[in-house]
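Residues in the sequence shown are numbered consecutively from 32, following our numbering.
Think of the CB as a built atom: it goes at the ideal place given N, C-alpha and C, for glycine as much as any other residue.
Quick caveat: nothing in here was measured; it's all calculated off a predicted structure.
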Amino acid sequence: MKPHVYDVLARAFAQEGVRTCFTLLGDANMNWAARLAEQGCRMIYVRHEHCALAAAMAYARKNREVGVASVTCGPGVTQLITALPAAVRAHLPLVVFAGEAPLKSGWYNQEIDQAPLVTATGAAYHRLHMPERMPVAIRDAFLQARRERRPVVIGIPFDLQARPWEGKSELPRPSLELLPRASPMPPHPDDVAKAAELVAGAERVVVLAGLGAAEAGAGPACRALAAKTGGLLSTTLPARGLFHDDPFCIGISGSFTPEVGLEYLAQADLVVAVGCSLAYHAGGGGQLWPKAKMLQIDIDPVAVSQGQEVAKHHLRGDARLSVEALAAKLPARNAGWRTQAMAARIRDSKPDGMKFEIEPGLLDPRDVVEALEKALPRDWQMVNSGGHCSWFFAQMPSRPQENFLTIREFGAIGNGISFAMGVSAARPERPVVLFDGDGSLMMHVQELETIRRHRMKILIVVMNDGAYGSEVHKLRSEGLPEDGSVFGYCDFAGIARGFGLAGKTFKTLDGGLPGLVAEFASGGGAAVWDFHVSDKVVSPTIRRAHPQGAKH
Ligand SMILES: Cc1ncc(C[n+]2csc(CCOP(=O)(O)OP(=O)(O)O)c2C)c(N)n1
Ligand SMILES: [Mg+2]
């Protein structure tokens, strides 16, 4: 029998090495999806298109390969409009197979001009209306997603997909066979010499690593540079854990910096930023290191980032090669400002020591995180979501970077459960722990069913303050009513059970967390653990940005 166009389209995706596809079916993608599944691709059928794309984002980040999602035309595509800008800003390579309305009809209920919707997010959109060229266009979409590190949406009318295939039987060579080999780029010796002069003249150095450093394998080189300059180490939020076992790591730089870290960053005279985009939040909008010069080491260094002048000194090159070259060029080891007393302070101090009055029967989120930090195995994958609670969840210093994922670009809540599904699909051999807020989890709670159906081993830890915490603290600081932000403690354990998952409510921490963790690890299935916390505990970030009683 003659193949249809969708048969060939599915083969074109399969030969791109697509092993997992997150999708929700409709008229315009179901034939293609059925054929792709026949090619051996694992299909993860979600309950909302946003979650298909968000899960593909986490999968792409974790596996460092192109993430693939598929949606039907019209309402399937409009559901993507929150995830696409996040993927664009997070530089994630994705290919989305979207249907388009049929060309043959004068009117179609789900028709909408998809291209401007998608391109408004910063993603690319390609209309494919010429069947014989479609396999090449698909290959090119994978090339573009990799090269530009952004989502590429392919729209194909479903009546064209259903036509008999009239083109060649062989497919074009897949993108991986064509990609130029991009070996790590060494820095220029003149730049290295200048950077070395700058570093040698500094007394209080902080080596700040971002995801680019982690991806380039520059962690050990950064540690060595910090040691040679007698400096301290820090990371951005997405790279947290890169130096988790180094006694001179002060934790995250940015909105989530622990107390001691804030104190030391304020004293720094040079920040060496390695493989990080110097996003607004990473430097606290320029407030965190008022005395420091900035040397940026990156394959694409910038002067201005997110509206701020960030770095006046630059060293262009691969993160690992550049940091190694810089360290080699420095004069002998410098005492810097490291002392054993500093290491002891970093080790022994709490991320935030502020005291709050807590209502009986509710927990302090900081105690919850401390208990989880002790009880959860270090080789489990962790996913941190958004909201006020993410400050607390980010304070788990013993966890290595390769087991952590957070994507904060575009700032939407509701992504946690999708990101956890993406990580679970990428690392099925390990349990995944998702740390989420009650509001965020509620936004896409339907995906609990997907988790159960696909037998994903995910432990969802909810920091339930019965509120949109970020909003309630801001409203209170402005003396506004709390309406619209405080909804009370809903029963997530009961909701979880309704979806066929295990559920448990925690109002104390006396219940033997290690035993429960062991039970979860050895049992099958996923679970939701609902920790009822007080909404009186305000994170340092909110305290700084929205002092209580400060009306605007
Ligand atoms: C899609 C979207 N809608 C609304 C917001 C505004 N917002 C930011 S944080 C937040 C509260 C989240 O509540 P929850 O998940 O319970 O976390 P909490 O802040 O209470 O810790 C809201 C509504 C947003 N960031 N994204
Ligand atoms: Mg909340």
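Spatially closest choice to residue i from the options, by CA coordinates
i, options, result
"Gly107", "Ala86, Asn94, Glu80, Glu69", "Glu80"
"Glu460", "Gly282, Gln141, Ile489, Ser101", "Ile489"
"Ala151", "Leu123, Glu179, Ile448, Leu115", "Leu115"
"Leu463", "Ala451, Leu273, Phe274, Gly515", "Correcting the residue type first, residue 463 is Val in the shown sequence and not Leu. Comparing Cα-Cα distances from Val463 to each of Ala451, Leu273, Phe274, Gly515, the minimum goes to Ala451."
"Gly261", "Asn365, Gly198, Thr572", "Asn365"
"Pro133", "Pro124, Ala121, Gly316, Thr103", "Thr103"
"Trp320", "Ser336, Glu294, Ala310, Arg42", "Glu294"
"Val399", "Arg409, Ser421, Ser380", "Ser421"
"Gly186", "Glu179, Met161, Pro203", "Met161"
"Pro362", "Thr54, Ile281, Asn415, Val230", "Val230"
"Arg574", "Leu506, Phe189, Phe551", "Leu506"
"Leu403", "Asp379, Ser429, Gly384", "Ser429"
"Leu209", "Gly241, Ala245, Arg170", "Arg170"
"Val77", "Leu465, Trp63, Thr54", "Thr54"
"Gly232", "Gly531, Arg178, Arg181, Met325", "Met325"
"Val568", "Leu532, Asp383, Phe530, Glu340", "Asp383"
"Asp190", "Pro512, Val36, Pro391", "Val36"
"Ser308", "Val302, Ala41, Val333", "Val333"
"Ile75", "Met487, Val493, Gly534, Ser553", "Met487"
Three-state secondary structure (DSSP) of residue i
i, result
"Val223", "helix"
"Gly243", "helix"
"Gly48", "coil"
"Asp349", "coil"
"His312", "helix"
"Asn94", "helix"
"Arg73", "strand"
"Glu292", "The sequence shown places Gly at residue 292, not Glu. Three-state DSSP puts Gly292 in a helix."
"His583", "Caution is warranted here: a pLDDT of 43 is assigned to His583, below 50, making its placement in the model unreliable, and the coordinate value is therefore given only provisionally. The answer is coil: DSSP assigns His583 none of H, G, I, E or B."
"Ser265", "strand"
"Gln477", "coil"
"Tyr37", "helix"
"Leu403", "helix"
"His546", "What sits at residue 546 in the sequence shown is Gly, not His. In the structure shown, Gly546 sits in a helix (DSSP, three-state: H, G or I)."
"Lys324", "strand"
"Phe551", "helix"
"Leu436", "strand"
"Ala304", "strand"
"Cys280", "strand"
"His79", "coil"
"His344", "strand"
"Val108", "helix"
"Leu115", "helix"
"Leu134", "coil"
"Leu585", "It is not possible to answer for residue 585, since the shown part of the chain is limited to 32 through 583."
"Leu394", "strand"
Cutoff 7 angstroms; reference residue i; Cβ partners in own chain excluding five residues on either side
i, result
"His470", "Residue identity check: residue 470 is Gly in the sequence provided, not His. The answer, listed in chain order, is Gly418, Ile444, Tyr499."
"Leu148", "Val108, Thr109, Ile112"
"Phe173", "Glu47, Val97, Val126, Ser206"
"Asp38", "Arg66, Trp196"
"Ala91", "Val97, Gly98, Leu123, Pro124, Leu125"
"Cys253", "Val238, Ala240, Ala244, Leu264, Val305, Val354"
Own chain partners of residue i with C-beta closer than 6 angstroms, once the 5 adjacent residues on each side are dropped
i, result
"Arg376", "Val291"
"Pro215", "Asp349, Leu352"
"Leu406", "The residue you asked about is not Leu; residue 406 is Ala in the sequence shown. Here the set comprises Leu544, Pro545, Val548."
"His563", "Leu393, Asn495, Tyr520, Lys538"
"Gly198", "Glu163"
"Gly105", "Gln141, Ile143"
"Gly272", "Arg430, Pro431, Gln432, Phe435"
"Ala257", "Val238, Leu264"
"Val183", "Val126, Ala155, Ala172, Gln175, Ala176"
"Met32", "none"
Cross-strand partners of residue i (DSSP beta bridge)
i, result
"Phe562", "Met494, Phe537"
"Gln339", "Ser336"
"Ser101", "Thr54, Phe128"
"Phe466", "Asn415, Val492"
"Arg158", "Gly186"
"Ala299", "Ala299 pairs with nothing; no bridge assigned."
"Val517", "Ala498"
"Val236", "Leu301"
"Asp329", "Arg347"
Chain D within 8 angstroms of residue i, Cβ atoms only
i, result
"Leu242", "Among the protein chains of the structure shown there is no chain D, as only one such chain exists."
Beta-carbon proximity list for residue i, same chain, < 8 angstroms, skipping 5 on both sides
i, result
"Ser501", "Gly418, His419, Ile573"
"Glu478", "Val77, Arg78, His79, Cys82, Ile448, Ser449, Met452"
Which ranges would you report for the beta strand (DSSP E) in the stretch 172-230 if only whole runs of at least 3 residues count? Whole beta strand (DSSP E) segments, 3+ residues: 182-188.
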